[in-house]
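Colleague:
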């Protein structure tokens, strides 16, 4: 009987060791993915900066038409001076937080230059000041008075 108990105990200890090893591996992978995410964001910022530099040489930036959701997000960023988190953008635009990352990505693809920063694992966004100034002068995004009222 004693031998059986020792055998069961040994098997349980082996399982516990295996679980601890797997947990450590999961933590290491999670840390690696977080590090990779930060590096991807930095690379994205550099790419956006390069695109902005290239666009500044052009006469007028080319911005594709925005849909209603993108327009709401753009207006929030256009009317704010400080960088905003995704949650803050969602609240100010009266949209769900789930829509914001996709809308931000779409704005960038359509030619809207945004500045992103990372603080405490949270992204903050701001419309590029040079673009904001050109938008005020040239209405690049083709905003109407109703855009601000609606």
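In this note's numbering, the protein residues as written are 1 to 150. C-beta atoms are modelled at their ideal positions from N, C-alpha and C, and glycine is treated no differently.
Inspect the beta-carbon positions of residue 41 and residue 118 and report whether they are closer than 8 Å.
Modeller: Taking the chain shown and counting its residues from 1, the one referred to as residue 41 is at position 41. Taking the chain shown and counting its residues from 1, the one referred to as residue 118 is at position 118. Yes, these two residues count as a Cβ contact at 8 Å.
Colleague: Which word fits residue 70, buried or exposed, when buried means at least 16 other C-beta atoms lie within 10 angstroms of its C-beta?
Modeller: Taking the first residue of the chain shown as 1, we reach residue 70 at position 70. The residue is buried, with at least 16 neighbouring Cβ atoms inside 10 Å.
Colleague: Helix, strand or coil, according to DSSP, for residue 117 in the structure here?
Modeller: By one-based count along the chain shown, residue 117 stands at place 117. Three-state result, residue 117: strand.
Colleague: Can you tell me where the alpha helix (DSSP H) holding residue 107 begins and where it ends?
Modeller: Taking the first residue of the chain shown as 1, we reach residue 107 at position 107. Where residue 107 is concerned, the enclosing alpha helix (DSSP H) stretches over 99 to 109.
Colleague: Could you have a look at residue 85 and say whether DSSP puts it in helix, strand or coil?
Modeller: The count along the chain shown starts at 1 and reaches residue 85 at position 85. Strand, per DSSP.
Colleague: Note down the Cα distance separating residue 2 from residue 120, rounded to an integer number of angstroms.
Modeller: Working through the chain shown from its first residue, we reach residue 2 at position 2. Working through the chain shown from its first residue, we reach residue 120 at position 120. Roughly 54 Å separates the two Cα atoms.
Colleague: Run the CB neighbour count on residue 10, radius 10 Å, all protein chains shown included, and call it buried at 16 or more, exposed below.
Modeller: Within the chain shown, residue 10 is the residue found at index 10, counting from 1. Answer is exposed; the Cβ neighbour count stays below 16.
Colleague: So, does the region 18 to 34 touch the region 86 to 102, judging by three or more C-beta pairs under 8 Å?
Modeller: The region 18 to 34 vs the region 86 to 102: no contact.
Colleague: The beta strand (DSSP E) spanning residue 66 covers which residue range?
Modeller: In the chain shown, counting from the first residue as 1, residue 66 sits at position 66. First-last for residue 66: undefined, no H or E at that position.
Colleague: Hey, how far is the Cα of residue 112 from the Cα of residue 36?
Modeller: Mapped onto the chain shown, residue 112 falls at position 112. Mapped onto the chain shown, residue 36 falls at position 36. Approximately 25 Å between the Cα atoms of the pair.
Colleague: Within the continuous alpha helix (DSSP H) that includes residue 138, where are the two ends?
Modeller: As a working mapping, residue 138 is identified with position 138 in the chain shown. Counting along the chain, the alpha helix (DSSP H) containing residue 138 begins and ends at 129 to 138.
Colleague: When we look at the beta-carbon of residue 30 and count the other beta-carbons within 10 Å, is it buried (16 or more) or exposed?
Modeller: Start at 1 with the first residue of the chain shown, and residue 30 comes out as number 30. It is exposed - the Cβ of residue 30 has fewer than 16 other Cβ atoms within 10 Å.
Colleague: From the DSSP output, which residues share a beta bridge with residue 125?
Modeller: Translated into positions along the chain shown, residue 125 becomes position 125. Beta-bridge pairing links residue 125 to 84, 116.
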